[in-house]
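Report on the structure given below.
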Amino acid sequence: AVRALAAAWKGPLPALTSFPLGAFVGFAHVSACVPASHPAAAADPQAVGPYCWMIDDVRPLATYVPCLGKLGQWRIPADLEIQVPEDVLQACGGKGTRQVAPAT
């Protein structure tokens, strides 16, 4: 992935240590979970594992929100405020929005 980023980057690549670690950078819709042998997953060189999550409708945040993650699925800390764009809230039907605030 780093080589692909370096190849696509215009100009000198910043030092990897300059990027923030542990942050929300956006939202994505998980459209399916498929075996790695599925044609869509098999065609992607970054698809690894017995199963792969297929994502679409990726929406970046205007600014990143610091938050250390965990392995596996986990809940967003209740005290963390993320400004979620209204269209993202509507797309998820308002599910799981207890811990996030709509953008103003």
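Under my numbering, the first residue of the sequence shown carries the number 828, and numbering increases by one thereafter.
Cβ coordinates follow ideal geometry from the N, Cα and C atoms, glycine included.
message: Going by C-alpha to C-alpha distance, which of 893, 864, 867, 870 sits closest to residue 846?
response: 893
query: My guess is that residue 775 and residue 877 are in contact by the Cβ rule of under 8 Å, so how many angstroms apart are they, rounded?
result: As displayed, the chain neither begins before 828 nor continues past 931, which places residue 775 out of reach and without an answer.
query: For residue 911, is the classification buried or exposed, using 16 other Cβ atoms within 10 angstroms of its Cβ as the cut-off for buried?
result: buried
task: Could I get the ranges of all uninterrupted beta strand (DSSP E) runs contained in the stretch 878-923, with 3 residues as the minimum, in chain order?
output: 878-893
- prompt: Quick one: is residue 868 buried, meaning 16 or more other Cβ sit within 10 Å of its Cβ, or exposed?
  reply: buried
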